[in-house]
Amino acid sequence: VILAELDTEILPYSDLRNDKGNLLTDTAIMAKVMAGQLRPTHAPQCPDWFVTLGRNCTALHQMDRPTAVEVAYVLGQHLSKL
Numbered sequence: 083v084i085l086a087e088l089d090t091e092i093l094p095y096s097d098l099r100n101d102k103g104n105l106l107t108d109t110a111i112m113a114k115v116m117a118g119q120l121r122p123t124h125a126p127q128c129p130d131w132f133v134t135l136g137r138n139c140t141a142l143h144q145m146d147r148p149t150a151v152e153v154a155y156v157l158g159q160h161l162s163k164l
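The letter at position 43 of the sequence shown is residue 125 when you use my numbering, and the numbering goes up by one with no holes.
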């Protein structure tokens with residue numbers, strides 16, 4: 083979620099609305115996230131590796147998510163190329 087916020091500079095899910103046009107409540111957002119129906123979005127110009135890392139970090143099942151060490155490694159590999 084932090085990666086999406088760094089990418090878009092917008093609080094994830096802050097613009098989502100329900101069928102009546104009202105902003106989604108925190109409870110509704112949590113329910114959708116827990117059900118795997120909602121994930122943070124990234125800007126179209128975001129590098130593919132960053133989007134992939136963000137998606138991996140928000141995998142529905144904990145065992146599918148990278149560890150903090152793995153995240154740091156991926157970030158280090160790509161940011162060192164800048």
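Positions of the beta carbon are idealized from the N, C-alpha and C atoms, including for glycine.
- Item | Cβ neighbour criterion (16 or more within 10 Å) applied to Tyr95 | Along the sequence shown, read from residue 1 onward, the residue named residue 95 stands at position 13. Classification for Tyr95: buried.
- Message: Is it the case that the segment 128-139 contacts the segment 153-160, given that we only count it when at least three CB pairs across the two stretches are under 8 angstroms?
- Response: yes
- Task: Look at the alpha carbon of Leu110 and the alpha carbon of Leu161, and state the distance between them as a whole number of angstroms.
- Result: The count along the sequence shown starts at 1 and reaches residue 110 at position 28. The count along the sequence shown starts at 1 and reaches residue 161 at position 79. The sequence given here has Ala at residue 110, not Leu. Cα to Cα, Ala110 sits roughly 35 angstroms from Leu161.
- Task: Please list the segments of the alpha helix (DSSP H) lying wholly inside the segment 89-140, counting only runs of 4 or more residues, in order along the chain.
- Result: 108-116, 130-139
- What's the call for Leu85, buried or exposed, on a 16-neighbour Cβ count within 10 Å? Numbered from its first residue, the sequence shown carries residue 85 at position 3. Result: buried.
- Message: Short of 7 angstroms in beta carbon distance, which residues of its chain neighbour Arg147, apart from the five on each side in sequence? Order them along the chain.
- Response: Within the sequence shown, numbered from 1, the residue matching residue 147 stands at position 65. Closer than 7 angstroms at Cβ, skipping near neighbours: Asn138, Cys139, Ala141.
- For my contact list, Asn100 and Leu106 are in at a C-beta cut-off of 8 angstroms; report their separation, rounded to the angstrom. The count along the sequence shown starts at 1 and reaches residue 100 at position 18. The count along the sequence shown starts at 1 and reaches residue 106 at position 24. Indeed they touch by this definition, with Cβ atoms about 6 angstroms apart.
- Among His124, Leu164, Ala113, Asp108, which has the Cα closest to the Cα of Val83? Counted from its first residue, the sequence shown places residue 83 at position 1. Of the listed residues, the one whose Cα sits closest to Val83 is His124.
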